[in-house]
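Sequence order for the protein chains is A and B. Each residue of the first sequence is one higher than the one before, starting from 1 at the first, in the UniProt record's numbering. Each residue of the second sequence is one higher than the one before, starting from 1 at the first, in the UniProt record's numbering.
Protein chains: 2
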Amino acid sequence: MSAYQAPLRDMLFTLQHIAGLDAICAQPGFEDTSPDLVEAILEEASRFATGVLDPINWSGDQQGARWDQGVVHSADGFKEAYAQFCETGWNGMPASPEFGGQGLPTAVSTAVLEMWKSSNMAFSLCQMLTLGAVEALARHASPELQQRFLPKMVSGQWTGTMNLTEPQAGSDLSAIRSKAVPEGDHHRISGHKIFITWGEHDMAENIVHLVLARLPDAPEGVKGISLFACPKFLVNADGSLGARNDLMCTAIEHKLGIHASPTAVMSFGDQGGAIGYLVGEAHKGLGHMFTMMNHARLNVGLEGVAIAERAYQRARAYALDRVQGRTLVAGSPAIIGHPDVRRMLMTMKARVEAMRALAYFAAGEMDRAHGHPDEAVRTQKQALVDLLIPIVKGWCTETAQLVVADGVQVHGGMGFIEETGAAQHLRDARITTIYEGTTGIQANDLIGRKLMREGGVTMKALQRAMSADAHRLAEAEDAALRPLGLGLQRGLDALSQATEWLLTCGPQRPAAAAAGAVPYLHLAGTVMGGWLMARSAEAAQARLLRQDGDAAALGAKVATAHHHLHHVLVDAPAWRDRVVNGASSTLSLQDAQF
Amino acid sequence: MSAYQAPLRDMLFTLQHIAGLDAICAQPGFEDTSPDLVEAILEEASRFATGVLDPINWSGDQQGARWDQGVVHSADGFKEAYAQFCETGWNGMPASPEFGGQGLPTAVSTAVLEMWKSSNMAFSLCQMLTLGAVEALARHASPELQQRFLPKMVSGQWTGTMNLTEPQAGSDLSAIRSKAVPEGDHHRISGHKIFITWGEHDMAENIVHLVLARLPDAPEGVKGISLFACPKFLVNADGSLGARNDLMCTAIEHKLGIHASPTAVMSFGDQGGAIGYLVGEAHKGLGHMFTMMNHARLNVGLEGVAIAERAYQRARAYALDRVQGRTLVAGSPAIIGHPDVRRMLMTMKARVEAMRALAYFAAGEMDRAHGHPDEAVRTQKQALVDLLIPIVKGWCTETAQLVVADGVQVHGGMGFIEETGAAQHLRDARITTIYEGTTGIQANDLIGRKLMREGGVTMKALQRAMSADAHRLAEAEDAALRPLGLGLQRGLDALSQATEWLLTCGPQRPAAAAAGAVPYLHLAGTVMGGWLMARSAEAAQARLLRQDGDAAALGAKVATAHHHLHHVLVDAPAWRDRVVNGASSTLSLQDAQF
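What follows is the structure in structure tokens.
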């Protein structure tokens with residue numbers, strides 16, 4: 001089975017030319033982050049991913065986490081790997097320096113997180129949830145609660161979870177029924193929560209559950225939900241662990257993938273009420289929980305990139321090794337020399353690089369939105385980030401499904417055999433379009449809050465910026481760039497037409513607009529991916545001209561951009577047609593006619 | 001968990017209006033097959049599928065077949081279901097009457113087989129392999145061998161397998177190394193075979209393995225492979241079972257799906273050689289094995305239809321039941337009232353019906369190719385069938401992947417939980433694009449042997465027929481039909497352009513043609529699916545006008561054809577572009593640049 005190797009060259013290329021790393025490092029607060037340091041960090045992370053996390057990925061999948069009487073045993077090797085992960089400081093790396101993190105730019109931590117997710121997605125989820133809980137506490141909890149929980153959560157000594165979903169309250173959190181009754185300086189929490197990632201395990205000594213519940217006087221709906229911190233073990237005044245809190249894991253789910261990540265069914269308050277501490281303001285829990293939504297959604301989008309990269313690497317290794325039949329490509333005797341296998345690999349590669357470009361671009365814009373010295377730029381970048389996030393989340397995870405499927409297909413019959421490892425990526429990837437808001441929810445967020453609510457201001461500005469790049473490339477002296485500019489312009493025409501349709505018809509016909517929301521998200525991601533691939537090709541050509549870098553790799557970037565144009569960006573008009581013409585058939589049947 | 005219900009109405013509609021059932025029943029040899037009888041058979045089969053096969057589908061997946069010291073135990077309930085399946089005569093139903101089958105038209109048995117595959121694909125594979133072996137023996141074995149094996153294989157008392165693949169010989173069977181040494185009236189077979197579906201099990205008293213192997217004097221390559229029948233138990237002169245043959249199942253594979261169908265690793269001749277009987281002529285085994293290829297590939301394409309149908313039914317049941325959030329579609333309070341969920345369900349429905357139309361159409365043409373009274377028609381239909389089969393196999397199985405993925409997505413988080421059942425369909429479906437020739441192999445067959453070799457004669461004739469339909473519909477008085485005709489014409493333009501490109505450039509640039517083979521297959525399937533949906537809409541409108549049938553169902557057929565036009569057929573130009581412009585980027589990198 002081929003080992004994971006972080007695609008350092010493409011990561012650094014994308015950070016530099018797409019995320020704008022140099023400019024980010026020049027921002028106030030990142031004075032200590034030089035591009036050289038970033039390269040060193042990425043190399044170190046890559047060794048950890050290859051040496052520690054990748055070797056327990058498949059075994060973890062096959063063994064899975066195991067529940068026994070409320071205790072969850074992590075898969076073999078996970079406990080040791082997690083200890084090493086925390087010791088070497090990787091757990092808290094993306095957190096704020098205020099709480100022991102390294103305060104690196106989001107763009108940089110994004111590249112590092114991609115490695116954890118590629119090498120072992122199930123493992124990476126524990127850190128991801130912990131960091132989400134850290135961010136919520138850091139923004140909203142009292143200083144006393146922060147002091148009690150944050151240092152140990154950042155170090156990884158304790159982990160964190162998000163307890164949102166209940167059986168009747170999934171995408172619609174207004175239906176939450178869990179209760180919180182005030183008692184002294186805390187509350188008593190009771191209720192049932194499902195789909196709690198790493199909700200119970202044996203890798204850390206304590207788990208801090210963030211739980212959404214209703215106070216006795218809470219109004220109905222989303223405006224009556226409050227956020228509470230419920231530690232598995234109560235914490236004494238001296239910071240030592242006290243009594244077991246009244247909460248337990250009653251089962252873990254039997255899932256299609258991410259088997260080594262326990263998905264817990266949690267019961268709070270069977271013995272009278274779990275002790276929980278209010279985080280932030282009463283009734284504002286949903287807002288508090290969603291303050292870290294952009295990071296969480298970026299990270300799930302990144303899972304799409306990461307698993308797709310891993311699937312590509314595995315398929316490439318197999319196709320370069322397996323000999324079967326006479327190939328048509330000269331000098332390429334293994335099955336990668338069969339044009340259709342080569343087409344699949346090229347398309348996988350093009351999709352992965354376009355996805356990575358979009359995810360890192362969004363991460364770079366988050367850094368600017370957060371720390372650019374000019375407030376007007378910060379405001380504008382924040383609006384852009386808000387627009388991009390549902391696209392990163394929705395489009396990268398949907399695109400990943402295509403890549404992992406090709407990854408299985410390249411292996412032929414061996415792809416269907418679990419020992420090969422390709423099937424695990426297909427199974428693991430399947431959750432990414434669902435959790436942290438389904439693709440449908442991302443798309444509704446995109447067309448509603450991000451597009452129609454502001455009359456398309458931010459999207460139109462981005463379209464203009466992309467159009468300027470397309471014109472420049474279409475008229476470039478360099479013949480390798482011109483088709484990329486022309487193709488991008490065609491894609492942009494489709495995107496602009498769909499945008500106009502939504503802005504014109506959407507307000508009057510909300511159901512029709514919603515029927516086109518997911519196609520619009522695909523269209524936006526496809527065109528933005530094509531845009532960033534064209535920009536990457538432009539940067540690569542410039543470096544080739546000045547002989548700056550590996551010519552084979554830079555040439556591959558240009559060829560891959562062309563492949564993206566001819567095999568991916570060509571989908572743009574059909575996505576537009578689905579938005580513009582597709583709603584009436586979607587809405588034409590009565591329920592009984594299905 | 002929702003129970004499978006055969007889509008009898010759509011099956012009968014498609015048999016009648018697309019396969020041309022009335023005309024088939026009027027052919028010589030089918031005098032006893034009336035449309036009424038067909039309806040009765042389908043209803044009976046549907047009861048068996050719902051009552052016997054569906055209830056053990058998910059439990060069979062979860063338990064799987066189990067290997068123990070060379071013995072394979074089938075999943076609970078399979079043995080009993082198989083006994084009932086054989087007792088009621090379903091096993092041999094599609095076989096020739098000469099050997100105890102019912103001699104029904106292929107179009108009819110296709111609808112019945114769809115039910116077995118929908119309700120329990122793992123179970124259905126045992127019959128499918130047995131019938132393939134029956135067909136090979138019926139065509140090529142000596143009368144003595146036929147008498148020894150066929151009656152009990154048709155009844156299902158014994159089952160059959162196909163032993164083709166070896167570790168080094170998958171898609172490239174020329175690399176087969178298994179040996180056959182003559183000895184008296186038989187041969188001694190030795191070698192290792194993998195991926196043997198139902199290669200060992202406990203549902204029948206004997207298993208007749210058809211094995212590809214090389215004689216001592218065999219030439220290299222595909223022209224030195226012979227076919228042998230190797231029964232698990234030797235058969236005495238009186239028909240009773242004799243000694244155990246020297247062959248065994250050394251393991252079964254741990255697979256992504258179809259867990260209840262044991263995929264055996266077989267070892268022949270560990271004790272000196274398994275006794276095998278030459279089937280047909282020496283060195284012509286591959287040809288003998290491939291005489292039933294059209295039926296086998298039709299049947300695997302049908303698996304795409306069947307699993308997609310099952311996934312659609314499960315998603316529909318969930319979406320009609322699950323309430324979550326306020327919907328935008330009036331009168332539709334469950335999640336099916338969310339426009340994006342409705343879009344997914346409509347697209348699933350449109351894809352399933354288009355796939356079914358293409359599969360049944362091909363089956364009907366097989367009946368005409370086989371038994372039409374006019375020899376010229378038979379010849380022409382056979383050429384059409386040969387053209388259609390790789391499209392049915394490749395396009396229906398690839399399209400199924402999209403449907404089963406939407407099936408998971410409609411369930412949200414529950415889709416990722418195995419107990420829901422949606423994930424099984426995703427896992428089971430994944431093998432269909434691989435076995436019986438990968439999509440790449442189907443596509444190469446399509447552009448090579450079926451298109452370029454004859455200069456596109458059959459494809460162009462089909463394009464003309466489709467174009468005539470498109471023109472008629474585009475100019476129809478009925479306004480509901482005109483957009484279908486116009487849309488089809490646009491799709492046909494794309495197909496014709498790609499066909500011309502392949503015929504013009506393909507002979508000189510075989511690698512470039514092969515790079516576009518799979519996109520061409522997708523294009524052909526997409527356009528043909530659109531064609532048959534448009535024809536279905538025309539038939540439904542005609543029946544609506546004369547008040548012949550359920551108006552809601554007929555109206556749904558028209559709406560579904562429109563949905564197919566706006567959401568599926570719109571992909572045609574992009575597929576053309578991939579064929580016509582996509583080869584150079586596919587072939588532009590050196591191996592080391594991937």
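Just so it is clear, CB atoms sit at the ideal spot from N, CA and C, and this is done for glycine as well.
Asked	Found
Would you kindly check if the distance between the Cβ of Tyr-520/A and the Cβ of Val-568/A is under 8 Å?	no
Can you name, in chain order, every residue of its own chain whose Cβ lies under 7 Å from the Cβ of Leu-53/B, other than the five neighbours on each side?	Ala-81, Trp-116, Ser-119, Asn-120 and Phe-123
Check Asn-163/B in the structure and name its three-state DSSP category.	strand
Against chain B, which members of the segment 342 to 361 of chain A pass a CB distance test of less than 7 Å?	Arg-342, Arg-343, Leu-345, Met-346 and Lys-349
With a cut-off of 8 Å, does the C-beta of Ile-176/A fall near any C-beta of chain B?	no
Rounded to whole angstroms, what's the CA-CA distance from Gly-304/A to Leu-426/A? Just pull it up for me.	11 Å
Please check if any C-beta of chain A sits within less than 8 Å of the C-beta of Glu-418/B.	yes
Please confirm if Glu-253/A has its CB atom under 8 Å from at least one CB of chain B.	yes
Looking at chain A, which residues of the segment 282 to 298 of chain B have a Cβ within less than 8 Å of any of its Cβ atoms?	none
I'd like to know whether the C-beta of Asp-340/B is nearer than 8 Å to at least one C-beta of chain A.	yes
What residues of chain A sit near Phe-85/B, judged by a beta carbon separation below 8 Å?	Within 8 Å Cβ-Cβ: nothing; Phe-85/B doesn't reach chain A, min ~25 Å.
Determine which residues share a DSSP beta bridge with Pro-231/B and list them.	Val-208/B
Between which residues of its own chain and Val-404/B is the CB-CB distance below 7 Å, once the five residues before and five after are set aside?	Ile-307, Ala-308, Ala-311, His-425, Leu-426 and Ala-429
Measure the beta-carbon distance from Leu-484/B to Leu-565/B and round it to whole angstroms, keeping in mind my assumption that it falls under 8 Å.	6 Å
Distance cutoff 8 Å, beta carbons only. Does Asn-163/B sit that close to anything in chain A?	no
For Met-533/A, which of helix, strand or coil comes out of DSSP?	helix
Alpha carbon to alpha carbon, how far is Ala-552/A from residue 659/A? Give it in angstroms, no decimals.	Outside the shown range of chain A (1 to 594) lies residue 659/A, about which nothing can therefore be said.
Kindly say whether Phe-594/A, judged by its beta-carbon, lies nearer than 8 Å to any beta-carbon of chain B.	yes
With distances taken between CB atoms, is the gap from Trp-158/B to Asn-236/B smaller than 8 Å?	no
With 8 Å set as the bound, which would you pick, yes or no: does the beta-carbon of Gly-582/B sit closer than that to a beta-carbon of chain A?	yes
Please list, in chain order, all residues of the same chain as Met-414/A whose beta carbon is under 7 Å from its beta carbon, the five residues on each side excluded.	Thr-420
So does the segment 258 to 269 of chain A actually touch the segment 187 to 205 of chain A, counting three or more Cβ pairs closer than 8 Å?	yes
Quick check on this structure: which residue in Glu-200/A, Met-366/A and Asp-202/A has the alpha carbon closest to the alpha carbon of Ala-296/A?	Met-366/A
When the Cα atoms are used, what is the spatial distance from Gly-100/B to Ala-133/B?	15 Å
List the endpoints of the continuous beta strand (DSSP E) containing Phe-149/B.	Looking at the DSSP string, Phe-149/B is not in any beta strand (DSSP E); the run it does join, the alpha helix (DSSP H), is 143 to 155.
Using the Cβ count rule (16 or more neighbours within 10 Å means buried), how would you classify Ala-561/B?	buried
Counting along the chain, where does the alpha helix (DSSP H) carrying Asp-61/A start and finish?	57 to 63
Just to confirm the assignment, what range does the alpha helix (DSSP H) spanning Val-222/B have?	Neither: Val-222/B is in no alpha helix (DSSP H) and is coded neither H nor E.
So Leu-328/B is in the beta strand (DSSP E); what residue range does that whole segment cover?	Careful: Leu-328/B lies outside any beta strand (DSSP E) and carries neither H nor E.
Looking only at DSSP bridge pairs, what is Phe-48/B linked to?	DSSP output for Phe-48/B lists no bridge partner at all.
Does Leu-241/A come out as helix, strand or coil in the three-state DSSP assignment?	strand
Measuring CB to CB, does Ala-572/B end up less than 8 Å from Arg-490/B?	yes
Taking Leu-8/B as the query, report the chain A residues whose CB atoms sit under 9 Å from its CB, ordered along the chain.	Result: empty, since nearest Cβ-Cβ is about 16 Å, beyond 9 Å.
Considering just the uninterrupted stretch of the alpha helix (DSSP H) at Pro-373/B, what are its terminal residues?	Here Pro-373/B belongs to no alpha helix (DSSP H), and DSSP marks it neither H nor E.
Just verifying my parser: in three-state terms, what is the DSSP assignment at Pro-182/A?	strand
Kindly identify the DSSP beta-bridge partner or partners of Cys-249/A.	Met-266/A
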